[in-house]
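Peer 1:
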Amino acid sequence: MSFSNFKLNKPILKAIDEAGYLAPTLVQEKTIPSVLNNKDVIVSAQTGTGKTAAFALPILQKFFDYQDAPKKGKKVKALIVSPTRELASQIQDNFKTLGKYTNLRSTVIFGGTSIEPQKDILNKGVDILIATPGRLLDLHKQDLLNLDYVETLVLDEADLMLDMGFIDDVKKIERLCTKEKQILLLSATIPAKVEQLANTILNTPERIEVATNSSTSKNINQILYYVPKRNKMELCLHLLRNTIKGSIIIFRRTKFGVNKLEQTLTKNGYKVDSIHGDKTQNLRQDALNKFKNGYVNILIATDVAARGIDINELDAVINFDLPNVPETYVHRIGRTARAGKTGTAYSLCSADEKSYIKTIQQLIQLEIPIEAEHPYPLDPKAKPLVHKSKKTGSKHKKGRKSTASKKKKKRWY
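Structure, rendered in structure tokens:
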């Protein structure tokens, strides 16, 4: 099948051709006709399957007839709600690329940046708006955004959106739009809470499921290192000095962990930057640009901040902390070895993460090769640490300060 089978307008087909898309992916092949037929749709497919173009192309086609409308006075006809700033920016990039030969105007708004430029753009009018929930509702509350003309509402990465606590915001946004609208819900997985949301707001939707790819690419060389938790930093440095080269993403589970690793690698002379939820949008975008352009070769990230980010030419992924959700492992390492290229995934596993490795290997149906020859081996008999609660001793234990003493100390602050 080719994109011309969808009867897309020539300017859109020209942009598709220039973007280098040779043929529709499976999710695009299944989704585009349903969207063009104004059906509500639930799409379940993983990152990297072409989900964004699956809704961007039919939206551009549907509103192509509006292209001759004056730039001033344009109304928001398509609203795409995205959970993170990075994902929202990437969706906007897709619309700009695929819609560049139309006169449809799209823009992206999100928090963490000045609201004034966003107000100016909205005042000039846009056809397609991509937004994160918080900034969208903030602008609407200030009467700077009218959603009365929205004909298509897209909820992208719905599972992540709900995981981040946006359920009430999503429901409110849906109510602010017209009742007679098309809703597209896209999600990597369809857990119960996403199913419940779909049943609440969608109208007899068509369900499109692209089977979850639990396997990993044959082009990814996977290596497992068992290491004591206290020695993970040393092993990471050892591997960077002696084994791992090129463009690298390192995943950590927490924002604190990201910051700590960045500080250590910087002190050791590595060109490194990081992204996580506490950083401003400008800092996150700057870090991504520096990584993509080769100014730094190591990017440290949390899973939420990195979700959906598309980076080419990635040589290696390091799982500094193993994910407790096995599908996340597949998502992480799938960022390397794209487009027929090869890459390597290095996983550092401490005693308390052994259960994670077990579920990961069950999912991918592969026993990850173990590299035992390194300076910080884990004792095979090592067991996860058990955090015991502290015992409460006597009030009059020697050396313990009295309540009066504590109160007196507080007065100094």
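Its first residue numbered 1090, the sequence shown is counted upward by one per residue in my numbering. From the three backbone atoms N, C-alpha and C, an ideal C-beta is built for every residue, glycine too. The model shown is predicted, which means the values in this text are computed figures rather than measured ones.
1) Taking buried to mean at least 16 other C-beta atoms within 10 Å of its own C-beta, is phenylalanine 1345 buried or exposed?
2) Using 8 Å as the Cβ pair cut-off and three pairs as the minimum, do the stretch 1133-1142 and the stretch 1177-1193 touch?
3) Measuring straight from C-alpha to C-alpha, what distance separates asparagine 1127 and aspartate 1257?
4) Can you tell me whether arginine 1421 is buried or exposed, with buried defined as 16 or more other CB within 10 angstroms of its CB?
5) Take aspartate 1392 as the anchor and find which of Ile1262, Tyr1314, Asn1413, Ala1167 has the nearest alpha-carbon.
6) Using three-state DSSP, classify glycine 1223 as helix, strand or coil.
7) Grouping DSSP H, G and I as helix and E and B as strand, with all else coil, what is isoleucine 1446?
8) Taking the DSSP output, what are the residues bridged to leucine 1313?
9) Would you give the residue range spanned by the beta strand (DSSP E) that leucine 1249 belongs to?
10) Count the other C-beta atoms from every protein chain shown that fall within 10 angstroms of the C-beta of lysine 1213, then say buried if there are 16 or more, exposed otherwise.
11) What distance in whole Å lies between the Cβ atoms of threonine 1120 and isoleucine 1297, which are believed to be in contact at a cut-off of 8 Å?
12) Terminal residues of the continuous alpha helix (DSSP H) containing arginine 1174?
13) Could you pull the start and end residues of the alpha helix (DSSP H) that isoleucine 1204 belongs to?
14) Considering only C-alpha positions, which residue in the set Ala1134, Phe1199, Ile1279 is nearest to arginine 1373?
15) Which stretch, first to last residue, makes up the alpha helix (DSSP H) that contains glutamine 1117?
16) What does the alpha-carbon distance come out to for the pair serine 1093 and methionine 1253?
17) Please classify glycine 1432 as buried or exposed, where buried requires at least 16 neighbouring CB atoms within 10 angstroms.
18) Would you mind sorting threonine 1196 into buried or exposed? The rule is 16 or more other CB atoms within 10 Å of its CB.
19) By how many angstroms is the C-alpha of threonine 1241 removed from the C-alpha of proline 1122?
20) Could you tell me the alpha carbon to alpha carbon distance between proline 1458 and proline 1469, rounded to whole angstroms?
21) Are the CB atoms of cysteine 1266 and leucine 1236 within a distance shorter than 8 Å?
22) Go through the stretch 1311-1393 residue by residue and report every complete run of the alpha helix (DSSP H) that reaches 4 residues or more, in order.
23) Of the residues Gln1271, Arg1264, Gln1352, Phe1409, which one's Cα is nearest the Cα of leucine 1328?
24) Check the C-beta distance from lysine 1321 over to leucine 1146 and give it rounded, since I have them as a contact under 8 Å.
25) With C-beta atoms as the reference, is valine 1385 less than 8 Å away from valine 1361?
26) How about the stretch 1307-1320 and the stretch 1164-1178: do they share at least three Cβ pairs that are nearer than 8 Å?
27) Helix, strand or coil for glutamate 1107, going by three-state DSSP, please let me know.
28) Quick one: give me the first and last residue of the alpha helix (DSSP H) that valine 1419 is part of.
29) Contact defined as beta carbons within less than 8 Å: I believe glycine 1335 pairs with alanine 1405. What is the distance between those atoms, to the nearest angstrom?
30) Pop quiz: leucine 1273 and valine 1130 are said to be a contact at Cβ under 8 Å. What is the actual Cβ separation, rounded to whole angstroms?
31) Report the residue from Lys1260, Thr1293, Glu1295 whose alpha carbon sits nearest the alpha carbon of lysine 1282.
32) Rounded C-beta distance between aspartate 1245 and leucine 1176? I'm assuming under 8 Å.
Peer 2: Considering the structure as presented:
1) Around the beta carbon of phenylalanine 1345, a 10 Å sphere encloses fewer than 16 other beta carbons of the protein chains shown; the residue is thus reported as exposed.
2) The stretch 1133-1142 makes contact with the stretch 1177-1193: 3 or more CB pairs, one atom from each, lie closer than 8 Å.
3) Taking the straight line joining both Cα atoms gives about 26 Å.
4) A residue is called buried when at least 16 other Cβ atoms come within 10 angstroms of its Cβ; arginine 1421 meets this threshold and is buried.
5) It is Asn1413.
6) Residue state, collapsed to three classes: helix.
7) Three-state DSSP puts isoleucine 1446 in a helix.
8) Paired residues: Ser1436, Ile1459.
9) According to the DSSP assignment, leucine 1249 belongs to no beta strand (DSSP E) but to the alpha helix (DSSP H) extending over 1247-1252.
10) So lysine 1213 counts as exposed.
11) Confirmed, Cβ separation roughly 5 Å.
12) First-last of the alpha helix (DSSP H) with arginine 1174: 1174-1187.
13) Per DSSP, isoleucine 1204 belongs to no alpha helix (DSSP H) and is neither H nor E.
14) For arginine 1373, the nearest C-alpha among the options comes from Phe1199.
15) Counted as a single uninterrupted DSSP element, the alpha helix (DSSP H) harbouring glutamine 1117 occupies residues 1115-1125.
16) Cα to Cα, serine 1093 sits roughly 38 Å from methionine 1253.
17) With 16 or more other Cβ atoms within 10 Å, it is buried.
18) Threonine 1196 is buried by the Cβ-count criterion.
19) Spanning the two alpha carbons is a distance of roughly 15 Å.
20) Distance between proline 1458 and proline 1469, taken at the CA atoms: about 16 Å.
21) Yes. Within cutoff.
22) Fully enclosed alpha helix (DSSP H) runs of 4 or longer: 1321-1331, 1344-1356, 1370-1381.
23) Looking only at Gln1271, Arg1264, Gln1352, Phe1409, the smallest Cα-Cα distance to leucine 1328 is reached by Phe1409.
24) Going by Cβ atoms, the distance from lysine 1321 to leucine 1146 rounds to 44 Å, so no, they are not a contact pair.
25) Yes, Cβ-Cβ distance for valine 1385 and valine 1361 is below 8 Å.
26) Contact between the stretch 1307-1320 and the stretch 1164-1178 is absent, because fewer than three Cβ pairs lie under 8 Å.
27) Residue state, collapsed to three classes: helix.
28) Unbroken alpha helix (DSSP H) run through valine 1419: 1415-1422.
29) Right, their Cβ atoms sit about 6 Å apart.
30) Leucine 1273 to valine 1130, Cβ: 5 Å. Contact.
31) Out of Lys1260, Thr1293, Glu1295, the CA that lies nearest to the CA of lysine 1282 is found in Lys1260.
32) Contact between aspartate 1245 and leucine 1176 holds, since their C-beta atoms are separated by about 7 Å, short of 8 Å.
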